[in-house]
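S.K.: This is the structure I have questions about; it appears just below.
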Amino acid sequence: MSVASELKDLFTKNLRTSGIYIAFVLIIALFTVLTDGLLLSPINVTNIVLQYSYVLILALGMIMVIVAGHIDLSVGSLVAFTGAVSAVLVIGNGLPWWVGLLAAVGVGILSGVWHGFWVAIVGIPAFIVTLAGMLLFRGLTYLTLSNVSLSPFPSEYQQVAGGFLNGLLGGYGYDLFTLVIGVFAVAGFAWSQIRSRSGRAKYGQQVEGLALLIAKIAVVGAVVMWFFWQLATSRGMPIVLIILGGLIITYHVVTTRTVFGRHVYAIGGNLSAARLSGVNVKKVNFWIFINMGLLAGIAGAVFSSRSNGAQPGAGNMFELDAIAACFIGGASTTGGVGRVTGAIVGGLVMAVMSNGMQLMGVDQSTQQIVKGLVLLLAVAFDIYNKRRAGAAR
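Residue numbers for the sequence shown, in the numbering used here: 9 to 401.
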């Protein structure tokens, strides 16, 4: 099969996966033109990473919740609550900065246990449980902060979301350490692609041609190195990007290489079949919500670090941004379908749109309208794919 034929199959037989990447490239191109190139400037690329990292962290947990056939409406309030607890301990009581970070994560985990109990053990639908959690944790945030904001955090705490690793390996006009991280990222991607192709070929499955594989690695490698070059010529490697990168790798492995990940997809794809296959549905659902609480706690620490304080109204609409990122990234509304990489790209689509419209001076109301229409189109595209697949059978 020629490279042209393989490319055609790649973009037509798997529209759910390829469509989001095409849309992402087109959106970047559109806003690059509309902002006269400012969108892709080194300083703005860095700002996008800093401003939207917490949404991407939430999306990592939300994709597992959605794949399992659930939804979590509480994460925005939980981000506010975990940040409030951290602020009270560190700013209000003078405890070390790292105590605040651990407390935020710990409170997030306990909140996940709370949700997991009601969903997995009692059997109440996640929509109802997390809707109650949204109200509960928002109220607890107001109580914890006594309806006032707390700031500022110590400089060490601020470094979590606003700090950079710059100059560790030197570099003249650029940060060499950041470029080295980029090289490792490209090497890791190439290795995973080659390993995946070899594994499929070993079991007699259809694999892409060598030329297409090399082309894919070359294109992705060029984009990744360009991205890290922009960071290297700005302020260096953001600490929060290291945190986010570690989480992405971890959750990609969990969802694709572990028994737990396969059970999550099995539950979302066919709950009855999963039970008959011996999957402990209650246990898996319980841990899904604990995991979501963990990531909400991390996001709360990151957001409070970024905003240098805690506010009673923090985290408003964060849950909708995370949910939108997953659906735009190809998750199915009925569960069983979705990928970590898709959720991250979906989150980046939201980030680029928001950032691009802000650079253009578009008012907040128009931004919300555009985001809503994009989400609606993403779900409509999912429904179209299902009907198309059904007609092909």
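All C-beta atoms, glycine included, are put in the ideal place defined by N, C-alpha and C.
Ends of the alpha helix (DSSP H) at F192?
M.R.: From DSSP, the alpha helix (DSSP H) with F192 extends over L184 to K210.
S.K.: From G114 to G269, what distance separates their C-alpha atoms?
M.R.: Going from the Cα of G114 to the Cα of G269 covers about 23 Å.
S.K.: In three-state DSSP terms, what is M245?
M.R.: Note: M245 maps to strand in three-state DSSP.
S.K.: Please state whether the Cβ-Cβ distance between L86 and S61 is less than 8 Å.
M.R.: Their beta carbons are not under 8 Å apart, which means L86 does not touch S61 by this criterion.
S.K.: Using C-beta distances below 8 Å, list every residue in its chain close to L302, excluding the 5 sequence neighbours before and after it, in chain order.
M.R.: Taken in chain order, the residues that qualify are G69, V113, G116, I117 and G120.
S.K.: DSSP puts A318 in a beta bridge; with which residues?
M.R.: Partner(s): L158.
S.K.: Could you give the distance in angstroms between the alpha-carbon of G100 and the alpha-carbon of T90?
M.R.: Distance between the alpha carbons of G100 and T90 is about 14 Å.
S.K.: So, with DSSP's three-state summary, where would you put L103?
M.R.: In this structure, L103 counts as coil in the three-state DSSP scheme.
S.K.: Measure the Cβ-Cβ separation of K379 and M368 and say whether it is below 8 Å.
M.R.: Cβ distance not < 8 Å, so K379 and M368 don't count as in contact.
S.K.: Since N288 is in the alpha helix (DSSP H), which residue starts that stretch and which ends it?
M.R.: Careful: N288 lies outside any alpha helix (DSSP H) and carries neither H nor E.
S.K.: Give the straight-line distance between the Cα atoms of Y165 and G317, rounded to the nearest whole angstrom.
M.R.: Distance between the alpha carbons of Y165 and G317 is about 10 Å.
S.K.: Pick out whichever of A226, G178 and L184 has its Cα sitting closest to the Cα of V199.
M.R.: The identity of residue 199 in the sequence shown is Trp, whereas the question assumes Val. Of the candidates A226, G178 and L184, the one whose C-alpha sits nearest the C-alpha of W199 is A226.
S.K.: Tell me the DSSP bridge mates of F172?
M.R.: Note: F172 sits in a beta bridge opposite P246.
S.K.: Specify, as a first and last residue, the run of the alpha helix (DSSP H) that I331 falls within.
M.R.: Segment F326 to I336, the alpha helix (DSSP H) holding I331.
S.K.: Report all residues from its chain with a CB closer than 6 Å to the CB of V215; omit the five preceding and five following residues, and keep chain order.
M.R.: Around V215: R205, R208 and A209.
S.K.: Starting from the N-terminal side, write out each stretch of the alpha helix (DSSP H) that is 4 residues or longer and does not extend beyond the region 214-240.
M.R.: Entirely contained in the region 214-240, the alpha helix (DSSP H) runs reaching 4 residues are, in chain order, 218-240.
S.K.: Output needed for L402: all residues of its chain with C-beta closer than 7 Å, excluding positions within five of it in sequence on either side, in chain order.
M.R.: Lying outside 9 to 401, the shown extent of the chain, residue 402 is not represented and no answer is given.
S.K.: Starting from the C-beta of L58, find all residues in its chain whose C-beta is less than 8 Å away, skip the five residues before and the five after it, and write them out in chain order.
M.R.: Closer than 8 Å at Cβ, skipping near neighbours: A169, G170, P246, V248 and R314.
S.K.: Is the distance from the Cβ of V272 to the Cβ of I256 below 8 Å?
M.R.: No, these two residues do not count as a Cβ contact at 8 Å.
S.K.: Please report how far the alpha carbon of A92 lies from the alpha carbon of G308, in whole angstroms.
M.R.: The alpha-carbon atoms of A92 and G308 are separated by roughly 9 Å.
S.K.: Could you tell me how far apart the beta carbons of A386 and L66 are, in whole angstroms, since I believe they sit closer than 8 Å?
M.R.: 17 Å between Cβ atoms; not a contact.
S.K.: From L151 to P320, what distance separates their C-alpha atoms?
M.R.: Approximately 9 Å, taken between the alpha carbons.
S.K.: Would I74 and A359 be called neighbours here (beta carbons separated by less than 8 Å)?
M.R.: Contact: no.
S.K.: Compare the beta carbon distance of V261 and A31 with 8 Å and say whether it is the shorter of the two.
M.R.: Result no, Cβ atoms of V261 and A31 do not sit closer than 8 Å.
S.K.: Between the Cα of G276 and those of F294, A322, A219 and S340, spot the shortest distance and give me the residue it belongs to.
M.R.: Looking at the Cα atoms, S340 is the closest of the given residues.
S.K.: Buried or exposed: D183, going by 16 or more other Cβ atoms within 10 Å of its Cβ?
M.R.: Buried, since its Cβ has 16 or more Cβ neighbours within 10 Å.
S.K.: Write down every uninterrupted run of the alpha helix (DSSP H) in the region 114-161 whose length is 4 residues or greater and which is fully enclosed by it, in chain order.
M.R.: Whole alpha helix (DSSP H) segments, 4+ residues: 134-153.
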